[in-house]
Amino acid sequence: MNVSDLISWLKNQLTILNWLPGYTKKDFSADLKSGITVGVIEVPQVMAYAVIAGLSPIYGLYGSLIPLLVYPLFGTSRHLALGIVATDMIIIASGASLIAEPGSDAYVSVVLLLTLLVGIVHVTFSLLRMGFLVNLLSKPVIYGFMAAAPIIIGFSQLGNLMGLEFERSQYVTVLFLQLLDQIELINLTAFGIGFSGILLLLILKKINPLFPRALLLLASGGLAVWYFNLDKNQVDVIGIIPSGLPSFRIHEFTLEDVRRLIPTVTTLVLIQLMSVISLGKSFGNKYKYPISANREFFALGMANMVGSFFQSPPISASFTRTAVSDQAGTKSSLSNVVCAAVIALTLLFLTPLFYFIPVPALAAIIIMASLSLISISELRYFFKTKPDDAYIAVFTFFSIIFIGIQEGILMGIGASLFMMLYRTSRPNLAVLGHIKGTRTFRDMNRNENAEPVDELLILRFDSSLAFNNADYIKDFILQQSGERSKQIRAVIIDGKSINDMDTTAIDALRSVTRTLEDWQIELHFAGLKTPVQVLLTRSGLARELGGTHFHRSPHAAVTYLLKKLDQSDSDSSDDESGSEKSESRLDAYLNRMD
């Protein structure tokens, strides 16, 4: 490998080398402003989100340090704001709590192992170009999860909001029953702080959405606790948080731990990849620059892998903080580095100030952030556009609420795949008619101007042909042909919508051919794509039918067959009237195009 090859390889891996040479002071000024703005918002958010995962708030800050320094080296998005996010934290809590007790050292080790595994899978997906797996999460499944997660998160924080002791659970029913059992034990002081915090966040959001309202809430709440000695009145506070940057930590784990985390890793990876790619492409399209899915997988994977050795929980792209970053005028992913600097300064100098921050204030931040994830308008869109998708979204939502997060997502994926198989097993099938004055053929059930062509049956299948719809399509052909067996001489299949066939479908067509031959009806194909023609050739069906049974278009097939029928009638009839009749069959069709 020569120097130029090495430089090319480095530029391919380290995308920062592609744009950093053109980076200007003006760009840095914009990134500095954006990074500080996001950092001020991120500090209280990630501290609160860490609590969702059953971690100390300090781990939220750790997650916004090293990974934010790694991502800009490899990422292709200029706008993504990274860190821990609420939806990921609830998934982490549901999986890691099955292995260790939340809050324990063993639990922290499990979460850090989870970060490492997530990073490894991200990088593997990138190297093997397996981004297509993200498609397993359909939009209705994502919506169902995004609608259910805030409710689970909100209920999980009711105990902290009201000063109650809840056993950790991902089930809304369990959390609700705990609330009913302890409702007489509500700490009014804690509830007053939490409820006032919610009101403050709502009011400040109305006044100025970019205002660091969560930071103001934590500061004012901490001052109130300190001044009035509310921590002596059974109001839980964050307490002592160690100062300093996270230390390097080697993972200790067993293969059994890895095995038990596989479902959580799988769920988390799919959710993260969907979020990063959809959010990255959204801003890439807005500002007209390309996003490489595989490079994003690699960048996110490296950020998580390296971060795991510096006590970072799994990180992803934040919808809200990315929007704030964009509004603040970010120009590149170096805004993440500035944000990390804000976090580092916080860890070095400000953690003693966190002692008096009331836990109910953190709960208020979490609840308000969670509620912002719910979108009723999107569900209305599903019902209006494709009700089946709305049913999948609702099914996923209730599955997650009552069965569990990971189980509910898997059930949603299963429902989506089942619906996809059902739809492809019952594709749209049409009988086509000719549109006068054109060479066009349309569905006669949907176009009143479409008229049948005498003695020909023209069919169209709006789907690939495969094992799951082969019999359905076969029955349709034979039913339509059988009803007209005395009136038609040939069946034409318009194949422009057929992208693929499997052996089951080809065998079904072979069976159709033989049945039609018994009825003295020919089978012809029009407009087949080259890959499909190759399949029919390999199978031998093309040879059995003969080359004259394949045409460029329905018009070409109709012209050929009418001419052939005219010639056949002419050869079988010696009288003049029969000849005139056979000639008029093709003429009648051609005259309709004038």
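Numbering (full-length UniProt numbering), first residue to last: 1 to 594. Ideal Cβ placement from N, Cα and C applies to all residues, glycine included.
- Under the three-state reduction of DSSP output, ASP494 falls in the strand class.
- Bridge pairing for PHE550: PHE525 [DSSP].
- Here PRO358 is bridged, per DSSP, to VAL237.
- For ARG442, the uninterrupted beta strand (DSSP E) segment begins and ends at 441-443.
- Taking 8 Å as the upper bound for CB-CB distance, ASP257 and HIS79 are not in contact here, some 36 Å apart.
- Considered as a whole, the stretch 370-454 harbours 376-385, 387-402 and 405-425 as its complete alpha helix (DSSP H) runs of no fewer than 4 residues, in chain order.
- In the structure shown, PHE461 adopts extended strand secondary structure according to DSSP, grouped into three states.
- Of the other Cβ atoms in all chains shown, 16 or more fall within 10 Å of the Cβ of SER332; this residue is therefore buried.
- For THR530, the enclosing alpha helix (DSSP H) covers residues 530-539.
- Around the beta carbon of ASP475, a 10 Å sphere encloses fewer than 16 other beta carbons of the protein chains shown; the residue is thus reported as exposed.
- According to the DSSP assignment, PRO72 belongs to the alpha helix (DSSP H) that extends over 66-74.
- Proximity to ILE493 across ALA557, ALA508 and PRO452 peaks at ALA557, based on C-alpha coordinates.
- In the three-state scheme derived from DSSP, where H, G and I count as helix and E and B as strand, LEU561 is classed as helix.
- Between GLY192 and ALA363, the gap from beta carbon to beta carbon reaches 8 Å or more.
- With contacts defined as CB atoms closer than 8 Å, ILE90 and ILE153 qualify as a contacting pair.
- The C-alpha of LEU353 lies about 52 Å from the C-alpha of PRO387.
- If you draw a 10 Å sphere on the C-beta of ASN18, you find fewer than 16 other C-beta atoms in it, and that means exposed.
- Residues of the same chain with a CB within less than 7 Å of the CB of LYS496, apart from the 5 flanking positions on each side, are GLY527 in chain order.
- For the set ALA96, ALA323 and VAL46, the Cα lying nearest the Cα of ILE262 is the one of ALA96.
- By DSSP's assignment, ALA317 forms a beta bridge with LEU82.
- Cβ atoms of TYR23 and ALA299 stay farther apart than 8 Å, at about 18 Å.
- Under the three-state reduction of DSSP output, LEU161 falls in the helix class.
- In chain order, CYS339 and VAL342 place their CB closer than 6 Å to the CB of GLY39, counting only its own chain and leaving out the 5 sequence neighbours on each side.
- Shown here for GLU101: same chain residues with a beta carbon closer than 7 Å to its own, the five before and five after excluded, namely TYR107 in chain order.
- If you check the CB distance, PHE283 and SER77 come in under 8 Å.
- The C-alpha of PHE309 lies about 14 Å from the C-alpha of LEU68.
- Listed as beta-bridge partners of LEU199 by DSSP are no residues whatsoever.
- Taking 8 Å as the cut-off, the beta carbon of VAL235 is found no closer than this to the beta carbon of PRO44.
- With fewer than 16 other Cβ atoms from the protein chains shown falling within 10 Å of its own Cβ, TYR287 counts as exposed.
- Annotated as proximal: ILE58 and PRO242, with beta-carbon spacing under 8 Å.
- Taking 8 Å as the cut-off, the Cβ atoms of VAL265 and ALA317 do not count as close.
- Apart from sequence neighbours up to five positions away, the residues of its chain that approach SER511 with a beta-carbon distance below 7 Å are LYS474, ordered along the chain.
- Remark: C-beta atoms of ILE435 and GLN170 do not approach each other more closely than 8 Å.
- Around LEU136, the same chain offers LEU270 and ILE413 as residues with beta carbons nearer than 7 Å, after the five sequence neighbours per side are excluded.
- Straight-line measurement puts the Cα of LEU541 at about 18 Å from the Cα of GLN520.
- Secondary-structure assignment with DSSP links LEU456 through a beta bridge to ALA490.
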